[in-house]
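Undergrad: First the structure, which I've put down as structure tokens, then a few questions once you've had a look.
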Amino acid sequence: MQSNYDILVMLLDSGARLNEIASLSWNDIDFEKGEIHLYRSKVNNESILHMTDRVKKLLTERLKMKRCLYVFPNRKNMPKTNFAPIRRAIKNAGLTEATIHTARHTTASRLVQAGVPLYEVSHILGHSSTKMTKRYAHLNKSEVTKRAADVLNS
């Protein structure tokens with residue numbers, strides 16, 4: 238149960254894809270710098286993500302129980318691949334339109350709503366272009382027009 242919870246927190250606080258988090262090794266974590274070095278197989282590139290305080294705390298606790306190379310190992314000490322319990326929890330919570338990937342969309346939406354530019358959100362998510370990220374652009378229109386009014390008022 239704790240691993241599933243930790244995976245969801247990692248997804249929400251990083252915007253990473255499930256396979257990117259599931260395959261994380263301890264070699265990818267730099268506690269001193271607060272960084273996660275993430276290989277993005279879908280777009281064949283690497284990203285450096287800075288840890289939120291919540292992720293740093295979670296990883297610090299997991300490190301105390303480290304038993305192999307992977308942050309989220311299965312019983313055979315390989316990357317976790319069974320996510321059915323997370324899918325069941327989402328379903329049992331009544332979130333009929335949600336999937337595990339929804340966490341990625343939630344991260345992007347939060348960033349856009351907070352005024353983070355689309356180019357930066359695109360970089361955080363590891364999109365190969367901002368075209369994919371533009372799906373979240375509608376969430377920022379109110380903030381954009383407010384900033385425009387502030388500029389024009391000054």
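Here the working numbering runs 237 ahead of the position in the sequence shown, where the first position is 1. For every residue, glycine included, the Cβ atom is placed at its ideal position computed from N, Cα and C. Keep in mind the model is a prediction, meaning the values are calculated, not measured.
1. So who's on the other strand from Arg277, going by DSSP bridges?
2. Would you say the segment 333-352 touches the segment 293-301, given that touching needs at least three Cβ pairs under 8 Å?
3. Counting along the chain, where does the alpha helix (DSSP H) carrying Tyr242 start and finish?
4. Could you name the residues of the same chain whose beta carbon sits closer than 6 Å to that of Ser260, not counting the 5 residues immediately before and after it, in chain order?
5. Which two residues bound the contiguous alpha helix (DSSP H) that contains Ala326?
6. Hey, would you say Val292 sits closer than 8 Å to Met247, going by beta carbons?
7. Could you give the C-beta distance for Ala326 and Asn241, rounded to a whole number, given that I count them as a contact under 8 Å?
8. Return helix, strand or coil for Ile258, following the three-state DSSP convention.
TA: On the basis of the supplied data:
1. Indexing the sequence shown from 1 puts residue 277 at position 40. BP columns for Arg277 point to Asn282.
2. Touching, no.
3. Along the sequence shown, one-based indexing puts residue 242 at 5. 239-251 is the span of the alpha helix (DSSP H), which, as asked, contains Tyr242.
4. Position 23 of the sequence shown, counted from the start, is the residue given in the question as residue 260. The residues are Pro316.
5. The residue labelled residue 326 in the question sits at position 89 within the sequence shown. That run of the alpha helix (DSSP H) goes 321-329.
6. Start at 1 with the first residue of the sequence shown, and residue 292 comes out as number 55. Start at 1 with the first residue of the sequence shown, and residue 247 comes out as number 10. Yes, the Cβ-Cβ distance between Val292 and Met247 is below 8 Å.
7. The residue given as residue 326 occupies position 89 in the sequence shown. The residue given as residue 241 occupies position 4 in the sequence shown. Indeed they touch by this definition, with Cβ atoms about 7 Å apart.
8. The residue you call residue 258 lines up with position 21 of the sequence shown. Correct three-state label for Ile258: helix.
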